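As numbered in this note's numbering, residues -8 to 225 make up the sequence shown, in order. For every residue, glycine included, the Cβ atom is placed at its ideal position computed from N, Cα and C. Nothing here was measured: the structure is a model prediction, and the numbers come from that model. Here's the structure we're looking at; comments come further down.
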Amino acid sequence: MHVNMENRIFYYALVISLVIHIVVINFLSFSKVVVKEPKLIKQLEVTYNKVNPKQFIAEKKQAKSIKSIKEQKKTKKVDILSKEDKHLPSFSQNIKDMTKLGGKLKLDKKRAPMVKTMDMNRQISVPMFKSEKISNPKYLSYNQSIRQKIKSRAYSFVNHPDFEAGEIYLTFALDSNGSLKQVKIIESKTNANEYLRDVGLRSIRESAPFAPFPEDLNYPELTFNIVISFEVSE
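Written out as structure tokens, the structure is:
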């Protein structure tokens, strides 16, 4: 009897232990399970617009007509350019060897009546006198600008048939504001024909007024002596 009692107690203890283990294992496994929230499925709403078949066909025809008109304009432009190109001379026909032109150009007076060419064999110079009494740099610079202006004006008369070699000595007076007071030819030193004499006087008169005197030149007026030299090379 005693042995049977012990066996029953052992059996009951074994069963209870097994049940406890099963419960603990199930509890631990359940606690590790991650519960995922169900994903929300977005619902898409599709709406259908009623299309008028006649309106759709009309719009399609209008788009095709606009496209065809644009293409016709492009082809017309191309045709116009191709026709004009036939009448235009090529660049190779107009280009000439510039090295063969030399110093003279033959121009059509009817097409270019205002174009003037300068004979490079004719030269004009207005040199500075070495015997200038005033050595002020401002005066020398002003004198240089005056002579340069007179020289530029004299070159406008270079193509006249009476142009020849010669020298004209002139003296003229300027006010402090640059206006011309008087001008005359120094006959004792001048060696030139009547045309060159007229050129010398006109070159000074038509160049006036000149720039006002610099601030360092505190004079009411100044007298300038110049020589205009005309040269003709062969």
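As assigned by DSSP and simplified to three states, the class of residue i
i: Val149; result: coil
i: Val218; result: strand
i: Ser126; result: coil
i: Pro80; result: Because Pro80 sits at a pLDDT of 46, beneath the cut-off of 50, its placement in the model cannot be relied upon, and the following sentence gives the value as read from the coordinates. Pro80 falls in the coil class under three-state DSSP.
Buried or exposed (CB count within 10 angstroms, at least 16 for buried), residue i
i: Ile177; result: exposed
i: Ala54; result: exposed
i: Val190; result: buried
i: Phe204; result: buried
i: Ile11; result: exposed
i: Leu5; result: exposed
i: Leu165; result: buried
i: Ala49; result: exposed
i: Tyr3; result: exposed
i: Asn(-2); result: exposed
i: Ala145; result: buried
From the options, residue whose alpha carbon lies closest to that of residue i
i: Gly157; options: Ser170, Val117, Phe1; result: Val117
i: Gln173; options: Ala183, Arg196, Arg188; result: Arg196
i: Lys124; options: Glu155, Asn216, His151; result: Asn216
i: Val149; options: Tyr2, Leu192, Leu187, Ile57; result: Leu187
i: Ala299; options: Ala164, Ile219, His151; result: The first residue shown for the chain is -8 and the last is 225, placing residue 299 beyond what the model contains.
i: Lys140; options: Ser194, Phe1, Ser224; result: Ser194
i: Val223; options: His151, Pro211, Tyr130, Ser143; result: His151
i: Tyr160; options: Ser179, Arg138, Ile60, Tyr146; result: Ser179
i: Ser167; options: Met119, Tyr130, Lys175; result: Tyr130
i: Phe201; options: Ile13, Arg138, Glu62; result: Arg138
i: Leu213; options: Met119, Leu171, Leu192; result: Leu171
Extent of the continuous beta strand (DSSP E) run through residue i
i: Ser224; result: Element bounds for Ser224: n/a, residue is neither H nor E.
Legend entry - Start-end ranges of the alpha helix (DSSP H) lying completely within the stretch 141 to 209, minimum 4 residues: Taken in chain order, the whole alpha helix (DSSP H) runs of length 4 or more contained in the stretch 141 to 209 are 185 to 196.
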